[in-house]
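Q: So the sequence lines, in the order shown, correspond to chains U and R. Number 256 in my numbering belongs to position 256 of the first sequence; there are no gaps in the numbering. Number 1087 in my numbering belongs to position 87 of the second sequence; there are no gaps in the numbering. Positions of the beta carbon are idealized from the N, C-alpha and C atoms, including for glycine. Since this is a predicted model, take the numbers as computed values, not measurements.
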Amino acid sequence: MAGLGRNCILCARKSLLFHRSVLNLTRIQTPLATEVVVTQVRGTKRWVRPYLQTLLNRINRENELLGPLPPQPRSSKINWNYDSELFAFGPRLGEKLNLSTLRAAFTDRSYVEQEEERRRDLGLPQEDVKLDMQDNTQLAEQGWEVTTNYIHRFLKAEFPLLPDEGVKAIHDYVTQENMLVWIAKHLGVKDLIRCESFPVPPSVTKQVFLAIIGAVNHDQGMQRAEMFVHDFVVAQLVGKDVNAMWDVPNPMGMLAEILQKEGRGEPEPRIINQSGVNTVTPVFCVGVYSDKELLGEASGDTMPLAVEEAARVALANMFKTHEGRKPLALDTRLKTMAEIAGKTDYLENKS
Amino acid sequence: MASRVQQHWLTFSRMWLLCDARWQPTPELAKRICKYLEGRHKPVYHPLTDCGDHVVVINTKEVAFDKNQWEKKLYAVNTGYKDTMIAMSAKDFHRMDPTKVIEREVYSELPKNSQRQNLMTRLHLFPDENIPDNIKENLVDIIPPVMEPPKRLDEFTEEEKASWPRFFIPPADYKPAD
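1) Which residues in chain R have a C-beta closer than 9 angstroms to the C-beta of V283 of chain U? List them in chain order.
2) Please name the residues in the region 1119-1146 of chain R whose beta-carbon is closer than 7 angstroms to at least one beta-carbon of chain U, in chain order.
3) Are the CB atoms of A1064 of chain R and Q1024 of chain R nearer to each other than 8 angstroms?
4) Any chance you could list the beta strand (DSSP E) runs of at least 3 consecutive residues sitting entirely within the region 114-144 of chain U, in chain order?
5) What would DSSP say about R1152 of chain R, mapped onto helix, strand or coil?
6) At a Cβ threshold of 8 angstroms, is T26 of chain U touching chain R?
7) When you compare each of U:G265, U:E113 and U:M227 to V146 of chain U by their alpha carbons, which one comes out closest?
8) In chain order, what residues of the same chain lie with their CB nearer than 8 angstroms to the CB of P267 of chain U, ignoring the 5 residues before and after it?
9) Could you pull the start and end residues of the beta strand (DSSP E) that Q274 of chain U belongs to?
10) When DSSP builds the beta bridges, which residues end up paired with L294 of chain U?
11) Taking only beta-carbon atoms, is Q1115 of chain R less than 8 angstroms away from chain U?
12) Excluding sequence positions up to five away, which residues of its chain have a Cβ less than 6 angstroms from the Cβ of Q29 of chain U?
13) Do you know offhand how far M1015 of chain R's Cα is from A316 of chain U's?
14) Report back the beta-carbon spacing between Y173 of chain U and M245 of chain U to the nearest angstrom; my notes put them in contact at under 8 angstroms.
15) Quick one: what's G300 of chain U bridged to in DSSP?
16) Would you list, in chain order, the members of the region 265-279 of chain U that have their beta-carbon closer than 8 angstroms to a beta-carbon of chain R?
17) For V1077 of chain R, which residues does DSSP report across the bridge?
18) Quick check: the region 233-242 of chain U against the region 163-180 of chain U, are at least 3 beta-carbon pairs closer than 8 angstroms?
19) Counting only beta-carbon separations shorter than 8 angstroms, does G364 of chain U have a partner in chain R?
20) Over what stretch of residues does the alpha helix (DSSP H) that includes C1034 of chain R continue unbroken?
21) If you run the structure through DSSP and keep just helix, strand and coil, what is K77 of chain U?
Written out as structure tokens, the structure is:
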């Protein structure tokens, strides 16, 4: 509704439904289903556009004077049924999950504490204050274990020649808070979280997402949870430059070390081509050789940059993380796992 | 392959190309130089990309014209002062400044838009093989010639002349009829 939609009439229709001035209007004037008489007239209704434009102008003026509306949780708006949404969450992702586990996964510790404090403030006896509500800390820990374990195994199988530091760098990229929060938000987790504060802080969203993985692990087993991680978290690596995730400060030095360990000649950078050397837009093509064998070739703005880039390319070629490598084994891996587990239902539903 | 930033830099980099104009037919040479100045030899060409290369032309004083074009072809010279609207033959024009003929031809061949002046600044003309050092260091590649300049008779070696296939070898005492 923001941005492009701000001035768009068609987008105004949606924003008008939930605006402060219009909300009461719709609540009062909602007729019963039996009382509605809908008359449809063909043709362009010339009054609709000016009407919506007027309403939009009023909303914009109000926003200018009083500031934009603060974000409100979905549960405070109409047509919201928490249990239905919770029930629909599992099947939407293709998972069979128990409602109780799911409820625990979406409940943050702060929410439980808030509820207990309310009860204490109401003056209830001690035994009634403690709630039977489970929070998601244990599930989140389990979920994190599954995620981390699976990602490490996947990456080691995918890039066997990449050193541990590189594997760790890719793992850290794919499990960083921003990434997990982004995935969670796009899976529709935002409205279901029960947390003390609103808007929900990213750390809570991350914990909830890990708790969902834990819930899958709890209800359907480790293999199914790993498939979940494979589909949603590992798949974020598609199209990403894996070499950029690992920040190597001195690639030439690292290359020299590796070649020395293997007993090969030291790396020798040579100019392959250069153009416009005396201009402001030069190009230097440099190749890194070892015992007269080309390890990697790259170009650069200046000579030192080109040499550094060529060393990086040489390292990528050695670790087999170069751009021309075969793509991530996502589909094949899934098929094998499903066949091993004897669970081909997932694939049938997919096609 | 390097990172995407570096690959992008390489794809859109400006090359410095050498062109030898010795005994090359002028209009065809001009068309070829135009193509490289505009960047039409690149698969990433687009008129708005400004992806053309620099062209350094040497030996412009030895450029060739077909038939009797040196005498017939006229170049208009006008300095704007009184009585200076002159039509010079290509021969005189070339004698006046040996780089001007190619310059005029390339200017005619380039598309007649606002890019033309920009592209002409990327054309570097030298009458012989003496190029300034700072331009020489920039060069990367050679533009293929329009035609290989033919050899003169005195440029052939004695062995080549002797081994050249002949239609018939006349007897020693042969005298052609007048």
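A: Here's the rundown:
1) Here residue 283 of chain U is taken as the residue at index 283 of the first sequence, counted from 1. Those within 9 angstroms of V283 of chain U in chain R are W1009, L1010, S1013, R1014, M1015 and V1140.
2) N1134, E1137, N1138 and V1140
3) Within the second sequence, residue 1064 of chain R is the residue found at index 64, counting from 1. Within the second sequence, residue 1024 of chain R is the residue found at index 24, counting from 1. Yes, the Cβ-Cβ distance between A1064 of chain R and Q1024 of chain R is below 8 angstroms.
4) none
5) Reading the second sequence from its first residue, position 152 is the one you call residue 1152 of chain R. DSSP places R1152 of chain R in coil when its eight states are reduced to three.
6) Numbered from 1 along the first sequence, position 26 holds the residue referred to as residue 26 of chain U. At T26 of chain U, the pLDDT of 41 sits below 50, so the modelled position is not reliable and the matter cannot be decided from this model.
7) Locating residue 146 of chain U in the first sequence gives position 146, counting from the first residue. Nearest of U:G265, U:E113 and U:M227 to V146 of chain U, Cα basis: U:M227.
8) If you number the first sequence from 1, residue 267 of chain U lands on position 267. Taken in chain order, the residues that qualify are M252, L255, A256, L259, V288, Y289, S290, L295, A311 and A314.
9) Taking the first residue of the first sequence as position 1, residue 274 of chain U is located at position 274. Taken as a continuous stretch (DSSP letters only), the beta strand (DSSP E) holding Q274 of chain U covers E268 to S275.
10) Along the first sequence, read from residue 1 onward, the residue named residue 294 of chain U stands at position 294. In the DSSP output, where bridge partners are listed per residue, L294 of chain U has U:Y289.
11) Position 115 of the second sequence, counting from 1, holds the residue named residue 1115 of chain R. Answer no: the Cβ-Cβ gap between Q1115 of chain R and chain U never drops below 8 angstroms.
12) For the purposes of this step, residue 29 of chain U is identified with residue 29 of the first sequence, where counting begins at 1. With a pLDDT of 46 at Q29 of chain U, under the threshold of 50, the modelled position of this residue cannot be trusted, and the question is left open.
13) Indexing the second sequence from 1 puts residue 1015 of chain R at position 15. Indexing the first sequence from 1 puts residue 316 of chain U at position 316. The alpha-carbon atoms of M1015 of chain R and A316 of chain U are separated by roughly 28 angstroms.
14) Indexing the first sequence from 1 puts residue 173 of chain U at position 173. Indexing the first sequence from 1 puts residue 245 of chain U at position 245. Sure, about 4 angstroms apart at Cβ, within 8 angstroms.
15) Here residue 300 of chain U refers to the residue found at position 300 of the first sequence. U:F284.
16) N273, Q274, S275, G276, V277, N278 and T279
17) For the purposes of this step, residue 1077 of chain R is identified with residue 77 of the second sequence, where counting begins at 1. DSSP lists R:I1086 as partners of V1077 of chain R.
18) yes
19) Because chain U in this structure spans residues 1 to 351, residue 364 of chain U falls outside the shown range and cannot be described.
20) Taking the first residue of the second sequence as position 1, residue 1034 of chain R is located at position 34. First-last of the alpha helix (DSSP H) with C1034 of chain R: T1026 to E1038.
21) Translated into positions along the first sequence, residue 77 of chain U becomes position 77. Note: K77 of chain U maps to coil in three-state DSSP.
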